[in-house]
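For reference, the structure discussed in these notes is given below.
In mature numbering (1 follows the signal peptide of the UniProt record, and there is no 0), the protein residues as written are -15 to -1, 1 to 289.
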């Protein structure tokens, strides 16, 4: 079974006249690569065989689905523009508080700074709704037990500098599980993942935010594909075959949420972590850091 990390490939922003905020230099889209293709990314991931790590597998065999979201209907979703010594990569994330963003640990680790882009729909332009903050590496809070060898504890928080995020229709905190939901495994629940990942097997990533629907599966079923070293209590997985949709290259650190019967609101239950290079809708599950497992850690790290 072919495993490949899900990371975001995004293009730079082009200024618009109605954008009221700091100016950022345009980025050449061809200069930005997925985080997992940065030099040396796979060096310490010893539990993943070499044939699982080839970017060629992703580019040549990627199959994705999903549809464009209504603009700004997912106001918790952010794009992360990450600066490494070898270039620039992008991941996704979600707003936790007026000063913090949740993402996957494998996204910012080893980088010098991260530009958080909140309130984006079309990430190819600097929209008036966007709020941007540059987080230095000193603002990274990466789980102390993150294991790059098997992606255990693949979760991190970025503490943004002031000014704080302003709550608008385009920027809102994510909804997290509370109460009885903290002990729920969500198996069988309808889930939704969001991101700007690739929409064809060889094409570019999406300019606009997209969503894909799937069903949450048991960890036992997920471990049959990836093994118990990768799939443990800190992981939640969803199927891809039934819906013919799935998260793919371009979605790391992004949001997995579930729809609870009898409730109008969706709740974030996962942070996009890994998937199969053989194709996101080829019958291989996608894996996420399980929010409920890390609830206490998030609470302890989400405030400055």
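Where a beta carbon is used, it is the ideal one built from N, C-alpha and C, also for glycine. Since we're looking at a predicted model, the values are computed, not measured.
Counterpart residues of residue i in DSSP-defined beta bridges
i	result
residue 107	193
residue 132	137
residue 144	85
residue 254	Note: residue 254 sits in no beta bridge, so no partner.
residue 117	102
residue 72	69
Nearest-angstrom Cα separation, counted from residue j out to residue i
i	j	result
residue 197	residue 95	30 Å
residue 182	residue 168	31 Å
residue 170	residue 217	13 Å
residue 158	residue 132	27 Å
residue 221	residue 117	30 Å
residue 213	residue 114	42 Å
residue 136	residue 125	17 Å
residue 287	residue 280	11 Å
residue 86	residue 142	6 Å
residue 272	residue 61	20 Å
residue 208	residue 223	12 Å
residue 258	residue 139	7 Å
residue 110	residue 93	23 Å
residue 260	residue 289	32 Å
residue 68	residue 97	6 Å
residue 75	residue 149	22 Å
residue 66	residue 55	23 Å
residue 82	residue 205	33 Å
residue 122	residue 199	34 Å
Residue i vs residue j beta-carbon contact at 9 Å
i	j	result
residue 290	residue 161	In the structure as shown, the chain begins at -15 and stops at 289. Residue 290 is therefore absent and cannot be evaluated.
residue 244	residue 195	no
residue 104	residue 155	yes
residue 88	residue 119	no
residue 237	residue 77	yes
residue 330	residue 147	Because the chain here runs from -15 to 289, residue 330 falls outside it and cannot be looked at.
residue 173	residue 201	yes
residue 193	residue 106	yes
residue 285	residue 256	no
Three-way DSSP call (helix, strand, coil) for residue i in this model
i	result
residue 96	coil
residue 125	strand
residue 211	helix
residue 176	strand
residue 205	helix
residue 83	coil
residue 350	No information on residue 350 is available, as it lies outside the stretch -15 to 289 that the chain covers here.
residue 218	coil
residue 260	strand
residue 274	strand
residue 199	strand
residue 58	coil
residue 242	strand
residue 167	helix
Anticipated Cβ contact below 8 Å, residue i with residue j, distance rounded
i	j	result
residue 252	residue 166	7 Å
residue 203	residue 270	Wrong, their Cβ atoms sit about 10 Å apart, outside the cutoff.
residue 80	residue 63	6 Å
residue 277	residue 254	7 Å
residue 90	residue 127	5 Å
Chain D within 9 Å of residue i, Cβ atoms only
i	result
residue 84	Of the chains in the structure shown, none is chain D; there is only one protein chain.
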